[in-house]
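Data first, discussion second: the structure below is written as structure tokens.
Protein chains: 2
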Amino acid sequence: MSSIKSIARDLGVSTATVSNALSGKGRVSDELARRIREHAGKVGYHPSPAARALKTGRSGILGLVMPNLTNPLFPRLAHNIEAAADSRGFGVLIADSRSDAAGQAAAIERLVRRGVDGIVIVPHRGTRVTETDVPLAVINAASDPANTVSADHRQGGRLAAGLLMDMGHRRFLLAGEDPRSEVQQDRIAGAAECLARRGGTGHRVCWTSEAAPDLLAALAGGVTAIVTSTDLLALKLLSEAQTLDIAVPGRLSVIGFDNLPFGEHLRPSLSTIAPDVPEIAHRALSYLDARLSGAAEIPPPSVVPMIAIQRDSTGLPQERPVTDPARSVS
Amino acid sequence: MSSIKSIARDLGVSTATVSNALSGKGRVSDELARRIREHAGKVGYHPSPAARALKTGRSGILGLVMPNLTNPLFPRLAHNIEAAADSRGFGVLIADSRSDAAGQAAAIERLVRRGVDGIVIVPHRGTRVTETDVPLAVINAASDPANTVSADHRQGGRLAAGLLMDMGHRRFLLAGEDPRSEVQQDRIAGAAECLARRGGTGHRVCWTSEAAPDLLAALAGGVTAIVTSTDLLALKLLSEAQTLDIAVPGRLSVIGFDNLPFGEHLRPSLSTIAPDVPEIAHRALSYLDARLSGAAEIPPPSVVPMIAIQRDSTGLPQERPVTDPARSVS
DNA sequence: TTGTAGGCGTTATCAA
DNA sequence: TTGATAACGCCTACAA
């Protein structure tokens, strides 16, 4: 491999000069700098990351820890984190929490041992992130005190409910999957908050990880719309509705969260509340970057608004006429 | 940070002795070795990856290149590659091909620059992987000459068709999404091969990336079963069938590929042909490991059998009685 | 069995 | 403007 030293030898100059010419730091005459750069290009010189890391104490690598890499959100997040990291000159090393708190601690440990400069972590449900030697950007939910940046799940919940109320829905079922998830809690809470504020005529909340909620009972209770805490649960409900011959969105509107890839392939396609993942990735990286470069001001924890994607699983309620949203505020 | 040097100083021994004691290579008296290890533990010593990489020329890091990190297969592959890599002491750096050949070359380049020891790559559809300085494990399809290890997509295709023939189906629609994909080509070809061999009474192949195939026309043509090249397409068809009130699996059986996460949440749940991802990851890593450790024999390219997962979207054809599979071989 | 010393490729300090 | 030199932390002949 060609090194700074071999270039120095080839050109009969010192390594320091080569280093300066290539990095543009020290003063080197334009003419010599040009010759050095040219030669470096010719021999295909690339600095050794190991040597640089050893000298500078920085690896230029960030870690990404996910609760479970088969988490459906992982691909999009990985995609955006990688892009954001790359544009700042960082590489991304992945690690899997293996779905438990111990695994999460181990994953962080492994990354730190590998010399990452910082870590982006999506913590496992219901865990507190353990402190480390390197800066940590936590992507979770506003209600997690350790949170660095996240989607505004609560606002997302309001958005989902609000959008359905705008269409005229008044009786809701709010369906979550796992009550230990702060993310899902916030989403359901946001929806409930919107209903309370705008005078929905009552709603039920149910948490169910296995079976789908009893749709027929819900319909009998006058429910015309369901807000689910994730697209996967929405999928379950949509399928259930179709086998029960409940028309969607005619008889029942359903909305999910996360904008998982299958949503647009469903028939009816799934309306959903999508996290602004590029923005989240951007902020997580800005945060780490600020901490790593010793910036005077570190970005404070922040939440990123979610985005409504209306597709075909939501529509006007059949039973009653569309009411003017303005009038319906009790 | 504690280093080999600081430990040597603390204990009044030489750095070489510490290094030997910790690595167990050179001869060090048991007693001294014990003291050194104990002290190392106490001060929380961990070797510097940068220094070790600089000295040994190996980073202990592998790259993982995907055509697009939002590819639905990515999570499971990343999960298993990371696990397999970790158990061999490697970390995994991700890179995104940004969905084109140029991006793919750039991704490889970036990883090599970062000093990875080897790369696992899932090539972009229809591209040939460019040669590099580091060993490359290619995960694609047997029909790609550069392939290192892959699922046996062709056998998977036979499996899908065979399983449906066992149930008594005879007329098939084989539906693919992208004919440029070697993977999908192999799957469809495998299914066709099985039908030809076992005397299906004819089948149509269609390639469609946007609209779903015309189900009514297919049914009119006597089709009772559809083999799709991916679960996403199967999902589209299932949804389509439900809106057209075509009973699945009563009137029509549908099977997909890849065992994507949503499949089990559908109603009816989706039968699928699943790649044995843990085994594929294992072999990809064995291959790289062999090449990196200069092993005498490098594992030859190999294909890993796919696994049938029968759920509820496949069943006996309605029209005709179940025929004995043995008798049905023409 | 233990210690000395050199070097991996960079960066940075200080002289020239 | 340029060069000599010393680290960074580790490994490994080779010498004691």
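Those protein sequence lines, which keep their order, are chains Y and V. When you line the first sequence up against our numbering, it's residues 1 to 330, in that order. When you line the second sequence up against our numbering, it's residues 1 to 330, in that order. Heads up, the beta-carbon is just placed ideally off N, CA and C, and yes, glycines get one too. Predicted model only: the values in this text are computed from it and were never measured.
Hey, could you find the ends of the beta strand (DSSP E) residue 273 of chain Y is sitting in?
Its beta strand (DSSP E) spans residues 271-274.
Grab me the residues of residue 191 of chain Y's own chain with a C-beta within less than 6 Å of its C-beta, minus the 5 sequence neighbours each way, in chain order.
Result list for residue 191 of chain Y: 157, 160, 161, 174 and 227, in chain order.
Compute the Euclidean distance between the alpha carbons of residue 330 of chain Y and residue 188 of chain V, then round it to the nearest angstrom.
Confidence is the limiting factor: at residue 330 of chain Y the pLDDT is only 33, short of 50, which leaves the residue's position unreliable, though a coordinate-based value still follows. Approximately 59 Å, taken between the alpha carbons.
Measuring CA to CA, which of V:163, V:122 and V:167 is closest to residue 146 of chain V?
For the residues V:163, V:122 and V:167, the minimum Cα distance to residue 146 of chain V belongs to V:122.
Out of V:142, V:1 and V:26, which one is the CA nearest neighbour of residue 154 of chain V?
If we check each option's Cα against that of residue 154 of chain V, V:142 comes out closest.
Between residue 200 of chain V and chain Y, is the shortest Cβ-Cβ distance under 9 Å, so that the two count as touching?
False, the Cβ-Cβ gap to chain Y never drops below 9 Å.
Does the separation of the CB atoms of residue 375 of chain V and residue 163 of chain V fall below 9 Å?
Not covered by the structure: residue 375 of chain V. The range shown for chain V is 1 to 330.
Just to make sure I have the definition right: I need the residues of chain V whose C-beta is within less than 9 Å of the C-beta of residue 354 of chain Y. Which are they?
Chain Y is shown from 1 up to 330; residue 354 of chain Y falls before or after that span and cannot be answered.
Taking the alpha carbon of residue 261 of chain V as the reference point, which residue from Y:12, Y:179, Y:236 and Y:275 has its own alpha carbon closest?
The shortest C-alpha separation from residue 261 of chain V is found at Y:236.
Helix, strand or coil: how does DSSP classify residue 265 of chain V here?
It is helical.
Run down chain Y in chain order and give the residues with a C-beta less than 7 Å from the C-beta of residue 91 of chain V.
The answer, in chain order, is 93 and 114.
Between residue 230 of chain Y and residue 116 of chain Y, what straight-line distance do the alpha-carbon atoms span, to the nearest angstrom?
Spanning the two alpha carbons is a distance of roughly 32 Å.
Check this for me: beta carbons of residue 167 of chain Y and residue 269 of chain Y, under 9 Å apart or not?
Not in contact: residue 167 of chain Y and residue 269 of chain Y (Cβ atoms no closer than 9 Å).
Under 7 Å, CB to CB, which of the residues in the stretch 219-248 of chain Y have a partner in chain V?
Taking 7 Å as the Cβ-Cβ cut-off against chain V, the residues of the stretch 219-248 of chain Y that qualify are 232, 235, 236, 239, 240, 242 and 243.
Residues of chain V with a CB under 7 Å from the CB of residue 74 of chain Y: which are they?
Those within 7 Å of residue 74 of chain Y in chain V are 75.
For residue 96 of chain V, which three-state DSSP category applies?
Note: residue 96 of chain V maps to strand in three-state DSSP.
Give the residues of chain Y in contact with residue 100 of chain V, contact being defined as C-beta atoms less than 7 Å apart.
Near residue 100 of chain V there are no residues of chain Y at all, since even the closest Cβ is about 14 Å away, more than 7 Å.
Unbroken alpha helix (DSSP H) runs of length 4 or more, entirely within the stretch 11-89 of chain Y: which are they?
The qualifying runs are 15-23, 30-42, 49-56 and 74-87.
Please tell me whether residue 179 of chain V has its Cβ less than 9 Å away from any Cβ of chain Y.
No, residue 179 of chain V lies away from the interface with chain Y (no Cβ there is under 9 Å from its Cβ).
With DSSP run on the structure shown, which of helix, strand or coil describes residue 326 of chain V?
Legend: pLDDT at residue 326 of chain V = 42, less than 50; position of this residue unreliable, no value from coordinates given.
Are the C-beta of residue 257 of chain Y and some C-beta of chain V separated by less than 9 Å?
Answer no: the Cβ-Cβ gap between residue 257 of chain Y and chain V never drops below 9 Å.
So residue 208 of chain Y packs on residue 177 of chain Y, CB below 8 Å; how close in whole Å?
About 7 Å separates the two Cβ atoms, so the contact holds.
Got a sec? Which residues, its chain only, sit under 6 Å from residue 287 of chain V by beta carbon, not counting five neighbours each side?
Counting only Cβ-Cβ distances below 6 Å, and skipping sequence neighbours, we find 137, 148 and 299.
Counting only Cβ pairs nearer than 9 Å, list the residues of chain Y close to residue 96 of chain V.
In chain order: 78, 79, 82, 83 and 86.
Just list the beta strand (DSSP E) runs in the stretch 156-194 of chain Y, keeping only unbroken ones of 3 residues or longer that don't cross its boundaries, in chain order.
Counting only runs of 3 or more, we get 172-176.
Could you spell out where the alpha helix (DSSP H) holding residue 284 of chain Y opens and where it closes?
Where residue 284 of chain Y is concerned, the enclosing alpha helix (DSSP H) stretches over 277-292.
Buried or exposed: where does residue 29 of chain V fall if 16 or more other Cβ atoms within 10 Å of its Cβ makes it buried?
Exposed: under 16 other Cβ atoms inside 10 Å.
Taking 9 Å as the CB-CB cut-off, is residue 53 of chain V touching chain Y?
Closer than 9 Å to some Cβ of chain Y, the Cβ of residue 53 of chain V qualifies, so yes.
Exposed or buried, residue 12 of chain V, counting other C-beta atoms within 10 Å across all chains shown (16 or more means buried)?
When all chains shown are included, residue 12 of chain V counts as exposed.
Residue 6 of chain Y CB to nearest chain V CB: under 9 Å?
So no, residue 6 of chain Y is outside the interface.
Are any of the Cβ atoms in chain Y nearer than 9 Å to that of residue 267 of chain V?
Cβ-Cβ to chain Y under 9 Å: yes for residue 267 of chain V.
May I ask you to list the residues that DSSP assigns as paired with residue 228 of chain V?
For residue 228 of chain V, which the question treats as bridged, DSSP gives the partners V:175.
Can you tell me the Cα-Cα spacing of residue 124 of chain V and residue 64 of chain V, whole angstroms?
Spanning the two alpha carbons is a distance of roughly 13 Å.
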